[in-house]
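Peer 1: Quick note: the sequence shown uses numbering that gives the first Met the number 0, first residue 0, plus one each step.
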Amino acid sequence: MIWRSIIGKLWATIIALVTIVLLFLTILLLQLFENNNLLQAELQLEKIGNKIVQIVEKSNGGSAAWSSISDIVDVYSAGSAVISGNSYWHSPEADGLPNLSRRFLESDTVLKKALNGNQRVARQSSFTVSVNGRETSERLMIVGVPLQMKSGARGAVYVFQPLQVAQNTMNQSDKLIYISVGIAIILTTFFAFFLSTRIGAPLRKMRTAALQVALGNFDINVPVVTRDEVGELAVAFNNMRKKLKTNMTALNQEKEQLSGIVNNMADGVLMLDDQGRILTSNPPADRFLRSWNFEQSAETDNTTQAPDVLTNLFQEVAAEGRQKIHEVSSQGYFWVVIMTPLYDQDRVRGAVAVLRDMTEERHIDQMKTGFIANVSHELRTPIAMMQGYSEAIIDDIAQTEQEKKDMAQIILDESKRMGRLVSELLDLAKLEAGHFQLDKKEVPLADFLGHAVYKFNNLAKETGISLNMETKISESMRFELDPDRIEQVLTNLIDNAIRHTKKGGAVNVGVSLEEEQVVVRVRDTGTGISKKDLPFVFERFYKEDKARTRGKSGTGLGLSIAKHIIEAHGGEISVNSRKGEGTTFRFTLPFTQNVLS
Numbered sequence: 000m001i002w003r004s005i006i007g008k009l010w011a012t013i014i015a016l017v018t019i020v021l022l023f024l025t026i027l028l029l030q031l032f033e034n035n036n037l038l039q040a041e042l043q044l045e046k047i048g049n050k051i052v053q054i055v056e057k058s059n060g061g062s063a064a065w066s067s068i069s070d071i072v073d074v075y076s077a078g079s080a081v082i083s084g085n086s087y088w089h090s091p092e093a094d095g096l097p098n099l100s101r102r103f104l105e106s107d108t109v110l111k112k113a114l115n116g117n118q119r120v121a122r123q124s125s126f127t128v129s130v131n132g133r134e135t136s137e138r139l140m141i142v143g144v145p146l147q148m149k150s151g152a153r154g155a156v157y158v159f160q161p162l163q164v165a166q167n168t169m170n171q172s173d174k175l176i177y178i179s180v181g182i183a184i185i186l187t188t189f190f191a192f193f194l195s196t197r198i199g200a201p202l203r204k205m206r207t208a209a210l211q212v213a214l215g216n217f218d219i220n221v222p223v224v225t226r227d228e229v230g231e232l233a234v235a236f237n238n239m240r241k242k243l244k245t246n247m248t249a250l251n252q253e254k255e256q257l258s259g260i261v262n263n264m265a266d267g268v269l270m271l272d273d274q275g276r277i278l279t280s281n282p283p284a285d286r287f288l289r290s291w292n293f294e295q296s297a298e299t300d301n302t303t304q305a306p307d308v309l310t311n312l313f314q315e316v317a318a319e320g321r322q323k324i325h326e327v328s329s330q331g332y333f334w335v336v337i338m339t340p341l342y343d344q345d346r347v348r349g350a351v352a353v354l355r356d357m358t359e360e361r362h363i364d365q366m367k368t369g370f371i372a373n374v375s376h377e378l379r380t381p382i383a384m385m386q387g388y389s390e391a392i393i394d395d396i397a398q399t400e401q402e403k404k405d406m407a408q409i410i411l412d413e414s415k416r417m418g419r420l421v422s423e424l425l426d427l428a429k430l431e432a433g434h435f436q437l438d439k440k441e442v443p444l445a446d447f448l449g450h451a452v453y454k455f456n457n458l459a460k461e462t463g464i465s466l467n468m469e470t471k472i473s474e475s476m477r478f479e480l481d482p483d484r485i486e487q488v489l490t491n492l493i494d495n496a497i498r499h500t501k502k503g504g505a506v507n508v509g510v511s512l513e514e515e516q517v518v519v520r521v522r523d524t525g526t527g528i529s530k531k532d533l534p535f536v537f538e539r540f541y542k543e544d545k546a547r548t549r550g551k552s553g554t555g556l557g558l559s560i561a562k563h564i565i566e567a568h569g570g571e572i573s574v575n576s577r578k579g580e581g582t583t584f585r586f587t588l589p590f591t592q593n594v595l596s
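(1) Indicate the three-state DSSP secondary structure (helix, strand or coil) for P381 in the structure shown.
(2) For F287, count neighbouring Cβ atoms within 10 angstroms of its own Cβ and tell me buried if that reaches 16, exposed if not.
(3) Do V488 and L533 count as a contact pair if the criterion is CB distance below 8 Å?
(4) So what's F159 in DSSP terms, helix, strand or just coil?
(5) Where does T339 sit, in a helix, a strand or coil, going by DSSP?
(6) Would you mind sorting T197 into buried or exposed? The rule is 16 or more other CB atoms within 10 Å of its CB.
(7) Please state the DSSP three-state secondary structure of K8.
(8) Can you find the residues in the same chain that come closer than 6 Å, C-beta to C-beta, to N507, ignoring five residues on each side of it along the sequence?
(9) When we look at the beta-carbon of S100 and count the other beta-carbons within 10 Å, is it buried (16 or more) or exposed?
(10) Give a yes or no on whether the C-beta atoms belonging to N237 and V221 are separated by under 8 Å.
(11) Tell me the rounded alpha-carbon separation between F313 and E513.
(12) Give the range of the beta strand (DSSP E) segment to which L512 is assigned.
(13) Between the Cα of N246 and the Cα atoms of V212, G570 and A183, which residue gives the shortest distance?
(14) In its own chain, which residues sit with a C-beta less than 6 Å from the C-beta of D438, not counting the 5 before and 5 after it?
(15) D661 by DSSP, collapsed to three states: which one?
(16) Can you pull the DSSP bridge partners for F236?
(17) For L31, I'd like the list of residues in its chain whose CB is within less than 6 Å of its CB, leaving aside the five on either flank, ordered along the chain.
(18) Answer with buried or exposed for N292, where buried requires no fewer than 16 other C-beta atoms within 10 angstroms of its C-beta.
(19) According to DSSP, which residues form a beta bridge with R577?
(20) Since I believe E474 is in contact with A445 (beta carbons under 8 Å), could you give me their beta-carbon distance rounded to a whole number of angstroms?
(21) Kindly identify the DSSP beta-bridge partner or partners of G48.
(22) Classify L22 as buried or exposed, calling it buried when 16 or more other Cβ atoms lie within 10 Å of its own Cβ.
(23) Cα separation between K502 and T524?
(24) Is I472 closer than 8 Å to V442 when the C-beta atoms are compared?
(25) Considering only C-alpha positions, which residue in the set N35, A183 and I51 is nearest to V17?
(26) Need the endpoints of the alpha helix (DSSP H) that E515 sits in, please.
(27) I want to know whether the stretch 168–181 touches the stretch 47–59 - three or more CB-CB distances under 8 Å.
(28) Relative to the alpha-carbon of V519, which residue among R577, F447 and E461 has its alpha-carbon at the smallest distance?
(29) Do M140 and A40 count as a contact pair if the criterion is CB distance below 8 Å?
(30) Look up I13 in the DSSP assignment and say whether it is helix, strand or coil.
(31) If you compare alpha carbons, which of L146, P97 and E92 is closest to K111?
(32) If L556 and I497 are in contact, beta carbons under 8 Å, what's the gap, nearest whole angstrom?
(33) Once you ignore the five residues that flank V144 on each side, which residues in its own chain have a CB closer than 7 Å to its CB?
(34) Looking only at DSSP bridge pairs, what is D523 linked to?
(35) Is the beta carbon of G259 closer than 8 Å to that of P283?
(36) Below 8 Å on the Cβ atoms is my guess for Q330 versus K530; work out the distance and round it to an integer in Å.
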């Protein structure tokens, strides 16, 4: 509404001030004109009275004087009464003029002073008069002037006139004053509106510009049309807008740089608010949260609620106001948490927690020393068997041809086993050295995955295990990947799941699209992996079967090779497990798909 705007308020203020001033001025002028008109009427009557006194004194009260006096008072629409000694004369009666009796004039305390006190007097009095045959109350102005006859007689001349005569003059004056005030108010209204509009227009433009700046539009500019305070305000606003744009651009660039640094850090980073809730996190921190929530039987995708261990650490940091370091283990991984408080002046408004995965550092030496032992262990058994059976054949221990064939078959099987071990070691060495080349092809993703799972249907039926596949992607989707290598990964994961699941259990393979990437999950209800072994499942020669019984487990290189294949495709592979409750392997591939026409 206009009355809520600065234009309306300024306009109303100016009109109110001018109206109040004109109102007081009108009252004062009306009073002044009224008093002046009454004074002029009184002076006029006194002047007439003086003329009459001169005529009466000169004529010594002759009859000719009364005719002249009647003419004079008729001209001025007045009446006259003359008292000289014992004589009394009154001008002819006229409409609107009463007859003033000698008794009234001599009894009035004010008017009789002209007779007795030899002084001019004046007063106002009301009388009932007849006007056009109708009686009405009329207010008169009466002026008495002393009279001194040549004969020594004393008297007075009284001249009177209706106040309506003076009132007519006052009415004209009042009308002129009212017209002047009305014109002044109208002119003031237009002037106030013009002034308010001229002042408010640039302010409205600045308001519009301020709203645009608040919405993030820093390119808007306020025109400078004057050089007064409003113009200076526009200049200051434009300078502020330029500085804000510069500062916001710098802040956005710093934010992008910080976001890029945090998201590409190897360490996990969590930002906590003053209640210990998670505000932001990077991918390594998300992996820690998924692992922790899985171990605590919580929602695996909940990344908004900080774990209790971090909440307790935050309370200590907030209470002491200094950095704290704490070690956390989850799913067999070891994390060092470095939490630093963030301040809002003197109040702790949150904290930054850096999660450093120390698992690899703790076990890297063990991996180096264990590699030779693992290779030696894997090679010792087949070499010993090949040597023993070879010696038996040479020494003719085998009596029949069938026994010789059986021994030769064992030697052949062990040599193939050694060949597979050497081949997998070579593949792993190529993957780790970066000399491994992917042969990517565009394949129908749903059909490809279904075929890879279908190969294990007979094995699953023989072992009494339910093998299911759930696909949440379109059948028309094609995906660019190395089919042989991805099939190798799926074969390893499904084979491991079936081998470690008891009869009556289930193995489920799920495929879906999440956050612009393909996610494949292989879940089983098998024996699971113990917490202490979980960090090493992707290491070379890892075997859940510590005895390494022949025929029950492979070389222990399959998962390590699978990890390198997935990473060569640009994806990630992870595992969550709880002993006795099953295992879930999860790997992702970047989402670069085409749709069949």
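No residue lacks a Cβ here, since even glycine has one placed at the ideal position from N, Cα and C.
Peer 2: So, to answer that:
(1) helix
(2) buried
(3) no
(4) strand
(5) strand
(6) Sequence check: residue 197 is Arg here, not Thr. It counts as exposed.
(7) helix
(8) N467 and R522
(9) exposed
(10) yes
(11) 32 Å
(12) A505 to L512
(13) V212
(14) D481
(15) Here the chain covers residues 0 to 596 and nothing more, so residue 661 does not appear.
(16) Bridge partners of F236: none, in fact.
(17) none
(18) buried
(19) G581
(20) 5 Å
(21) Note: G48 sits in no beta bridge, so no partner.
(22) exposed
(23) 10 Å
(24) no
(25) A183
(26) It is not in any alpha helix (DSSP H) - E515 carries neither H nor E in the DSSP assignment.
(27) no
(28) F447
(29) yes
(30) helix
(31) L146
(32) Incorrect: roughly 19 Å between the Cβ atoms, too far for contact.
(33) E45, G48, N49, V52, A113, R119, A155 and V156
(34) V506 and T582
(35) no
(36) 7 Å
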